[in-house]
Amino acid sequence: MNNTPRTLITVPLNNLYPFDMNPRLVRNPDYNEIKESIRSRGLDHPPSVTQRPGESFYIIASGGNTRLAILNDLWQETHDDKYRNVTCIYHPWQSKKSLAEGNLHCLLGHLIENEMRGSLTFIERALGVQHAKELYQHTNSGSLSQTQLARQLCHDGFPVTQSSISRMESAIELLLPHIPDVLYGGLSRTVVEKILLLRNSTEQFWFQQSANRDDLPLFADIFALALLPFNGPLVGFSLEHLRDELTGLISQALEIDYNTVALITDSRNMKRQHLLGIAPPTIPALAQQRTRPPTPTIQSETARTSPPPGEDNVNKEGTEDSVVTSEFSDIPDPTLPAAEDNQTVGAASTAHHSPTGPDTIWDIDPLTDTPEYLATVADQLAWELAATAGLAYLISPSVINGFELASPETKIFGDARLMFQLLSFVAGKASDFPAIWHQLLIGSPGQPALLNDTTMIPLFRLIRTLRRLHEKQQEGVIA
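Given below as structure tokens:
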């Protein structure tokens, strides 16, 4: 047989083996559909195979391991001769390469094939990249940094960023030992990033609060303890429940109020910290995050959700020795995915993605019904309302008033101007033109209200929080 490059050959099924470094570790979710297609139509595309030096059997060279498993199933079920032999495209082993280099070539072929179909889970892709790194290091007799590995993989046809590699390594090291079933079940990259960000934020808080205390467990053990109950089917996994579990464990270990810890673990608060490139507050000093105004522009829909220029220290998949500068700072942007689920931490739920029922506006958790906490909540709500119009840099915390609103140094227009007028009113700097408020809040027969329902709900929550703050302050004066 003249086994020249890309030669069609017929291989007995019992002489064809899957690639033993196949990055796919769990059954293809489309297995049954592919099986029925092969049963009725046969193989539409011959699998690519190769043969290692010294071996008598063939292996799948790039993709096709699922099809091979199905052919074996069909042969066992039917013993139909049409499954006994398989027509394949033969690629000779590159004789100039070592065994490790040849294995690396095959591994990359499988990664690229699966990447084109988007059929690998995040953890399978991560483990495949880790295996490729080991083979690169074996063939080059030296270690590779994440940046060097990303460059080498891109050169060999598998584009991946250094920040993605950092997330992959963090997931393998920090998550896989504790929640393997969830990860292999298909936990997405987005959720993995959020778990890693949660870990980073809480770890920093832990170190701040545990300084000079030798009686505490390791944070890694606390985090592992929080993860373990959630190792099960993917359908039963809840990121919000994980947040709650971790918040409770940290609160108990540090002997700190649950709601104080919840300010750190709250998803929207973490998103804001990440976008602004600021470490999580110790309980919670938000003023540090509001020191630089954006370049004045007429606000657009895009600008409403973008942080002020210069504030975004997050690389877009650039250097994730970061899913934070140690391990997270580079969770890919364009900004993090919107805050997940409808998480409410007492009254501290923020303006975006908040529940919209009247009870969530008016009810205040007794555990958070203190002037200090109410001021923090009011500050956060005002900040997030301002952020929708790119004015977050004008908000600063106030123990007495909940928040202070600074005047912009340059002219603002459009949505930004409307939001500034609204916050001025709430902050006690009312406009002299009542008609403005009528149009903002109620509208007219000829024009609908300028503030939509999405903005009105957090606005009412801010007003309710400030009312309660002043009630509690008055109680203190009377007492």
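Quick note, the sequence shown lines up with residues 12 to 490 if you use our numbering. We put the beta carbon where it would ideally sit given N, CA and C, even for glycine.
Of the residues Q62, L253, E44, the one placed nearest N26, counting alpha carbons only = Of the listed residues, the one whose Cα sits closest to N26 is Q62.
Output the residue ranges of the alpha helix (DSSP H) runs that lie fully inside the region 154 to 240 and measure 4 residues or longer, sorted by chain position.
-> DSSP runs (the alpha helix (DSSP H)) wholly in the region 154 to 240: 157 to 166, 173 to 181, 191 to 195, 200 to 220, 230 to 238.
Among R254, V272, P228, nearest to S262 - alpha-carbon criterion = Looking at R254, V272, P228, the one whose alpha-carbon comes closest to that of S262 is V272.
Would you say L257 and A237 are within 8 Å of each other, going by their C-beta atoms?
-> Cβ atoms of L257 and A237: closer than 8 Å.
Residues bridged to S407 by DSSP?
-> BP columns for S407 point to E415.
Measure from the alpha carbon of D426 to the alpha carbon of each residue in G439, L402, G413, then state which is nearest.
-> Of the residues G439, L402, G413, the one whose Cα lies closest to the Cα of D426 is L402.
Run of the beta strand (DSSP E) containing P382, from where it starts to where it stops | Not the beta strand (DSSP E): P382 falls in the alpha helix (DSSP H), residues 382 to 398.
What residues match up with Y28 in a beta bridge as DSSP calls it?
-> Note: Y28 is bridge-paired with I70 in the DSSP secondary-structure output.
Residue environment, A222, which counts as buried when at least 16 other CB atoms sit within 10 Å | Label assigned to A222: exposed.
Using the rule of at least 16 other Cβ atoms within 10 Å of the residue's Cβ for burial, across every protein chain shown, is D390 buried or exposed?
-> The residue is buried, with at least 16 neighbouring Cβ atoms inside 10 Å.
Count the other C-beta atoms from every protein chain shown that fall within 10 angstroms of the C-beta of V246, then say buried if there are 16 or more, exposed otherwise.
-> The residue is exposed, with fewer than 16 neighbouring Cβ atoms inside 10 Å.
From D41 to M32, what does the alpha carbon distance come to, in whole angstroms?
-> Distance between D41 and M32, taken at the CA atoms: about 21 Å.
Of the residues Q157, T399, E66, which one's Cα is nearest the Cα of S181?
-> Checked all of Q157, T399, E66; the closest Cα to S181 is Q157.
Start-to-end residues for the beta strand (DSSP E) that takes in V60 = Boundaries of the beta strand (DSSP E) harbouring V60: 59 to 61, taken from the DSSP string.
N96 (DSSP reduced to helix, strand or coil) | Strand.
Are the CB atoms of L164 and P34 nearer to each other than 8 Å?
-> The criterion of a C-beta distance shorter than 8 Å is not satisfied by L164 and P34.
Using the Cα positions of Q484 and L477, report the straight-line distance between them to the nearest angstrom.
-> When only Cα atoms are considered, Q484 and L477 end up about 10 Å apart.
Note down the Cα distance separating V97 from P29, rounded to an integer number of angstroms.
-> Answer to the nearest angstrom: the Cα atoms are 13 Å apart.
Beta-bridge partners of V22, as assigned by DSSP | Listed as beta-bridge partners of V22 by DSSP are V97.
DSSP three-state call for D497: helix, strand or coil?
-> No information on residue 497 is available, as it lies outside the stretch 12 to 490 that the chain covers here.
Which stretch, first to last residue, makes up the alpha helix (DSSP H) that contains E47?
-> Looking at the DSSP string, the run of the alpha helix (DSSP H) that includes E47 is 42 to 52.
Would the beta-carbon of V140 fall within 8 Å of that of V171?
-> Contact: yes.
Taking DSSP as the reference, what is the three-state secondary structure of Q148?
-> Three-state result, Q148: helix.
R78: which of P103, A111, R38 sits nearest, CA to CA?
-> The shortest C-alpha separation from R78 is found at R38.
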